[in-house]
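Notes follow once the structure below has been shown.
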Amino acid sequence: MTSLSRLETPKTTIPQLFDRDLYKRRRQQLRSDSIYFKLSAEISKRLQERLSSLNQGFQTVCQIGQDQHLLQQYLTNFKKTDFFVQEGETLRFDEEALPFAANSFDLILHVLSLHAVNDVPGVLAQTLQCLKPDGLFLAAFIGEDSFQELRTVLEAVELEHYQGISQRVSPWIRTRDAGSLLQRAGFAMPLTDCDRLEIFYPTLTMLLQDLKQAKATSFLMNRQTPPLTRSLLSKAENLYKERFWDEAQCGIKVSIDIVYMTGRRPSPNHQKALSPGSAKHHLSDFL
0 MTSLSRLETP KTTIPQLFDR DLYKRRRQQL RSDSIYFKLS AEISKRLQER
50 LSSLNQGFQT VCQIGQDQHL LQQYLTNFKK TDFFVQEGET LRFDEEALPF
100 AANSFDLILH VLSLHAVNDV PGVLAQTLQC LKPDGLFLAA FIGEDSFQEL
150 RTVLEAVELE HYQGISQRVS PWIRTRDAGS LLQRAGFAMP LTDCDRLEIF
200 YPTLTMLLQD LKQAKATSFL MNRQTPPLTR SLLSKAENLY KERFWDEAQC
250 GIKVSIDIVY MTGRRPSPNH QKALSPGSAK HHLSDFL
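Quick look at the structure:
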């Protein structure tokens with residue numbers, strides 16, 4: 000049985016970019032028909048594809064982030080998983096303070112949650128310790144260029160009206176930084192890649208309503224922004240359609256980048272890199 004004895008982590012001062020209390024309250028209020036669950040269902044399918052390529056079963060699994068138990072069902076049915084802890088209905092905990100002992104899990108999954116933590120290196124370091132040797136970490140989170148069309152339009156109308164811009168779209172982890180974050184935390188065999196999803200909405204108003212319903216509006220600590228008046232929204236609507244309207248889809252385009260992280264906890268059975276100068280052949284022998 001997995002212990003709930005929390006790992007001891009060094010106390011350091013971490014910049015508080017996100018209002019974590021607000022984020023957790025909003026997540027508890029999510030409706031099952033919101034865009035969040037539609038997106039997480041699609042991400043779960045893609046994570047299942049990645050897991051299906053592994054000739055490996057997982058007995059102890061922890062999932063952080065909700066997806067209506069789709070990954071749990073997959074793992075139970077096809078990977079012969081005997082024990083599963085899911086953050087959500089089953090157990091509530093803070094992603095920034097994992098309540099598990101070292102060497103607890105064969106697999107830890109992060110589903111659309113890593114982009115909302117203040118201390119990503121700290122979370123990855125805790126995750127590594129919670130894994131058993133050769134345990135797998137697999138994460139999917141929103142990448143830095145997501146909602147770039149919405150950001151571009153809102154910045155343009157704000158700059159014209161207020162002579163300045165505010166941060167209405169949250170900053171996210173840069174894709175190119177994901178691999179170095181895994182290496183910094185100590186993961187073996189780190190891999191990262193990115194998928195771009197495109198969604199289309201008939202109007203900007205419907206997009207903003209969907210984001211509000213999904214509790215995906217700003218949860219930055221400093222989220223004081225000028226009001227989006229009816230006039231500004233009308234300008235933004237026209238500009239969005241002018242720049243990003245897709246005739247084939249009959250809607251405005253919304254791009255969402257999903258970044259995937261994969262890594263393992265180092266294990267003695269992992270292949271080791273050869274030390275410099277240990278090669279037995281010269282390159283000229285093969286040319």
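End of the sequence shown sits at 286 in numbering that gives the first Met the number 0; the numbers just go up one at a time, nothing left out.
Positions of the beta carbon are idealized from the N, C-alpha and C atoms, including for glycine.
Just so it is clear, the structure is predicted and the values come from calculations on it, not from any experiment.
Straight-line gap, residue i to residue j (C-alpha atoms, nearest Å)
i	j	result
residue 42	residue 138	10 Å
residue 61	residue 192	22 Å
residue 97	residue 125	7 Å
residue 76	residue 33	27 Å
residue 375	residue 254	The structure shown does not extend to residue 375, since the chain is modelled only from 0 through 286, so no value can be given for it.
residue 81	residue 56	10 Å
residue 136	residue 159	45 Å
residue 83	residue 199	35 Å
residue 66	residue 156	35 Å
residue 189	residue 181	6 Å
residue 123	residue 162	40 Å
residue 244	residue 252	6 Å
residue 259	residue 45	10 Å
residue 176	residue 185	15 Å
residue 50	residue 226	44 Å
residue 94	residue 144	23 Å
residue 92	residue 54	30 Å
residue 267	residue 133	9 Å
residue 8	residue 142	Here the model assigns residue 8 a pLDDT of 48, short of 50, so the residue's position is not dependable and the matter cannot be decided.
residue 246	residue 101	53 Å
residue 64	residue 241	36 Å
residue 173	residue 154	20 Å
residue 107	residue 86	11 Å
residue 129	residue 201	45 Å
residue 70	residue 230	44 Å
residue 36	residue 171	20 Å
residue 196	residue 250	15 Å
residue 261	residue 109	10 Å
residue 114	residue 18	13 Å
Extent of the continuous alpha helix (DSSP H) to which residue i belongs
i	result
residue 266	Careful: residue 266 lies outside any alpha helix (DSSP H) and carries neither H nor E.
residue 176	174-184
residue 57	Neither: residue 57 is in no alpha helix (DSSP H) and is coded neither H nor E.
residue 34	34-51
residue 69	69-77
Paired residues, beta bridge with residue i - DSSP
i	result
residue 195	256
residue 247	Residue 247 pairs with nothing; no bridge assigned.
residue 235	Per DSSP, none; premise fails for residue 235.
residue 210	Paired residues: none, contrary to the question.
residue 190	261
residue 200	251
residue 63	109
Exercise for review: Mind the definition here: the stretch 227-245 touches the stretch 146-166 only if three or more C-beta pairs lie below 8 Å; say whether that holds.
Suggested key: yes
Check your understanding: If you scan the stretch 85-158 from start to end, which runs of the alpha helix (DSSP H) of 4 or more residues do you find wholly inside it?
Key -> 119-129
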